[in-house]
């Protein structure tokens with residue numbers, strides 16, 4: 027039985043912006059799957075990567091590559107297809123199109139050409155990390171990836187030094203330590219930071235500390251996958267977590283069971299609950 031195509035807005039096609047899972051495939055929405063099945067074409071950041079997703083959900087829609095290196099070549103082709111009445115879904119490798127990923131140029135071109143643009147809600151690494159960080163969630167500033175060159179990165183951080191909103195950054199495992207070191211030097215070392223990695227995956231992890239000691243704590247963790255950094259704004263404070271003594275002991279033991287050194291685990295939990303490290307040390311060791 028032939029799949030029914032999505033209704034078009036008049037004679038023109040529609041551009042659908044379809045978020046894809048950032049790790050866990052169960053985060054794919056019913057609407058996203060239906061849209062990818064029903065459009066005429068999928069514009070993908072990496073067709074090989076997207077094909078794995080399509081295979082999982084038994085989607086046989088044709089793909090075309092659309093990424094930062096072929097944007098100018100593809101834009102006229104995609105606009106022509108949309109103008110002729112075809113519907114196109116745009117996807118990035120993970121998360122939302124245009125958020126530190128390709129997408130904005132096609133959206134702007136469609137708006138200029140009066141072609142309908144329909145966004146679908148879905149996974150986003152920055153917001154996923156933010157709501158679990160424990161740092162004030164609003165207002166927030168999404169920055170994405172900082173410049174790679176050290177001098178340019180330090181200048182960008184200098185411009186953000188007095189920002190009072192919580193800040194969201196993306197970073198790779200190859201630059202995470204250098205970036206955090208730069209942050210500690212430009213911002214206050216006591217500034218609260220949460221490092222989130224492997225979001226929605228089996229080994230999802232949140233490392234909560236301050237910029238002055240976060241790199242020391244990272245030595246106890248696997249630096250794998252892309253990272254989200256949630257950094258408190260100027261004068262921002264992380265709200266202490268309310269835990270009973272039994273819950274504190276259990277939380278420390280859980281960290282140790284994951285391979286974290288006992289003293290590091292005690293220090294981490296002490297910061298989360300807003301109590302002195304020595305007090306938590308004595309509690310854990312029943313001194």
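Residue numbers (the numbering used here): 27 to 313. C-beta atoms are modelled at their ideal positions from N, C-alpha and C, and glycine is treated no differently.
Residues bridged to residue i (per DSSP)
{"i": "residue 192", "result": "166"}
{"i": "residue 46", "result": "121"}
{"i": "residue 220", "result": "234 and 256"}
{"i": "residue 115", "result": "42 and 68"}
{"i": "residue 306", "result": "Answer is none; residue 306 lacks a bridge partner."}
{"i": "residue 89", "result": "68"}
{"i": "residue 197", "result": "253"}
{"i": "residue 145", "result": "43"}
{"i": "residue 229", "result": "Looking at the DSSP assignment, residue 229 forms no beta bridge with any residue, so it has no partner."}
{"i": "residue 171", "result": "196"}
Assigned exposure category for residue i - 16 Cβ within 10 Å defines buried
{"i": "residue 199", "result": "exposed"}
{"i": "residue 217", "result": "buried"}
{"i": "residue 297", "result": "buried"}
{"i": "residue 37", "result": "exposed"}
{"i": "residue 41", "result": "buried"}
{"i": "residue 235", "result": "buried"}
{"i": "residue 157", "result": "exposed"}
{"i": "residue 312", "result": "exposed"}
{"i": "residue 272", "result": "exposed"}
{"i": "residue 162", "result": "buried"}
{"i": "residue 179", "result": "buried"}
{"i": "residue 248", "result": "exposed"}
{"i": "residue 280", "result": "exposed"}
Proximity to residue i [Cα-Cα], best of the options
{"i": "residue 59", "options": "43, 66, 75 and 85", "result": "85"}
{"i": "residue 97", "options": "130, 76 and 108", "result": "130"}
{"i": "residue 317", "options": "171, 304 and 121", "result": "The question about residue 317 has no answer, for the chain in this structure spans 27 to 313."}
{"i": "residue 73", "options": "64, 50, 93 and 82", "result": "93"}
{"i": "residue 103", "options": "202, 135, 87 and 79", "result": "135"}
{"i": "residue 316", "options": "173, 99 and 157", "result": "Past the edges of the chain, shown from 27 to 313, lies residue 316, and the structure says nothing about it."}
{"i": "residue 121", "options": "246, 280, 289 and 196", "result": "196"}
{"i": "residue 202", "options": "81, 91, 106 and 245", "result": "245"}
{"i": "residue 53", "options": "125, 269, 83 and 64", "result": "83"}
{"i": "residue 105", "options": "132, 181, 95 and 239", "result": "132"}
{"i": "residue 101", "options": "87, 81, 125 and 69", "result": "69"}
Cβ neighbours of residue i in the same chain (closer than 7 angstroms, five flanking residues each side left out)
{"i": "residue 278", "result": "291, 292, 295 and 310"}
{"i": "residue 123", "result": "43, 116, 117 and 129"}
{"i": "residue 303", "result": "292, 293 and 296"}
{"i": "residue 177", "result": "none"}
Contact check, residue i vs residue j, beta carbons under 8 angstroms
{"i": "residue 62", "j": "residue 44", "result": "yes"}
{"i": "residue 71", "j": "residue 127", "result": "yes"}
{"i": "residue 299", "j": "residue 267", "result": "yes"}
{"i": "residue 243", "j": "residue 256", "result": "no"}
{"i": "residue 187", "j": "residue 213", "result": "yes"}
{"i": "residue 253", "j": "residue 222", "result": "yes"}
{"i": "residue 241", "j": "residue 207", "result": "yes"}
{"i": "residue 306", "j": "residue 274", "result": "yes"}
{"i": "residue 77", "j": "residue 89", "result": "yes"}
{"i": "residue 48", "j": "residue 225", "result": "yes"}
{"i": "residue 50", "j": "residue 227", "result": "yes"}
{"i": "residue 39", "j": "residue 148", "result": "no"}
{"i": "residue 183", "j": "residue 210", "result": "no"}
{"i": "residue 137", "j": "residue 143", "result": "yes"}
{"i": "residue 153", "j": "residue 57", "result": "no"}
{"i": "residue 79", "j": "residue 55", "result": "no"}
Residues of its chain near residue i, where Cβ-Cβ distance is below 6 angstroms and the 5 sequence neighbours each way are ignored
{"i": "residue 159", "result": "220 and 256"}
{"i": "residue 191", "result": "165, 166, 167 and 259"}
{"i": "residue 151", "result": "48, 121, 225 and 254"}
{"i": "residue 230", "result": "224"}
{"i": "residue 269", "result": "299"}
{"i": "residue 27", "result": "Residue placement at residue 27 cannot be trusted, given a pLDDT of 37 that sits under 50; what the coordinates show is reported in the next sentence. Nothing listed; no residue qualifies."}
Close Cβ partners of residue i (< 8 angstroms) along its chain, the five nearest in sequence each way excluded
{"i": "residue 75", "result": "119"}
{"i": "residue 109", "result": "38, 39, 139 and 141"}
{"i": "residue 189", "result": "167, 259 and 260"}
{"i": "residue 285", "result": "246"}
is_contact[residue i, chain B] using C-beta, thresh 8 angstroms
{"i": "residue 76", "result": "The question asks about chain B, but that chain is absent: this structure has only one protein chain."}
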